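Shown next, in structure tokens, is the structure this report addresses.
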Amino acid sequence: LNSDKELSFEEFTIVLAKLTNDAHHISHKEDRLPSSLFQTPQAQEQLSELEKAMDVIIDVFHQYSRREGDRDTLTKNELKLLIEKQLANYLR
2 LNSDKELSFE
12 EFTIVLAKLT
22 NDAHHISHKE
32 DRLPSSLFQT
42 PQAQEQLSEL
52 EKAMDVIIDV
62 FHQYSRREGD
72 RDTLTKNELK
82 LLIEKQLANY
92 LR
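The opening position of the sequence shown corresponds to residue 2 in the numbering used here, with each subsequent residue numbered one higher.
Have a look at this one:
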């Protein structure tokens, strides 16, 4: 929290971006392990709406990042395509 002890929406999105990045790193660890190693009670719980949304963001990123080169980076072309296809209604 900042000095006013409250989060604006912009500040919340910064925190959410960090949490989504952490979730991305966790998902990569799980990709490299046999599924039996990470079947914890937490992994079996129902995801919240926000957790599902974070998973969608990660999945959409990978749909575009794996088209060229490194699957964990977007080229300029991949970013452009992602924005044009996935954010078209916000760009109008």
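Beta carbons are placed, not taken as given, at the ideal position from N, Cα and C, and that holds for glycine. All values reported here derive from a predicted model rather than from experimental measurement.
Through-space distance from Lys-53 to Glu-79, alpha-carbon basis: Working through the sequence shown from its first residue, we reach residue 79 at position 78. Working through the sequence shown from its first residue, we reach residue 53 at position 52. Taking the straight line joining both Cα atoms gives about 23 Å.
query: How long is the line joining the alpha carbons of His-63 and Arg-72, rounded to whole angstroms?
result: Numbered from 1 along the sequence shown, position 62 holds the residue referred to as residue 63. Numbered from 1 along the sequence shown, position 71 holds the residue referred to as residue 72. Cα to Cα, the separation comes out at about 6 Å.
message: Looking only at its chain, what residues have a beta carbon closer than 6 Å to the beta carbon of Met-55, apart from the 5 residues adjacent to it on each side?
response: On the sequence shown, residue 55 is found 54 positions in, with the first residue counted as 1. Same-chain partners within the cutoff: Thr-21 and Ala-24.
field: Cβ neighbour criterion (16 or more within 10 Å) applied to Leu-75
entry: Mapped onto the sequence shown, residue 75 falls at position 74. Looking at its Cβ environment, which holds 16 or more other Cβ atoms inside 10 Å, Leu-75 is buried.
task: Spatial neighbours of Leu-34 within its chain, please: CB distance less than 8 Å, with the 5 preceding and 5 following residues excluded, ordered by chain position.
output: Position 33 of the sequence shown, counted from the first residue, corresponds to residue 34. For Leu-34, the predicted model reports a pLDDT of 49, less than 50, meaning its position is unreliable; a value from the coordinates is still stated below. Cβ neighbours of Leu-34 beyond the five flanking positions: none.
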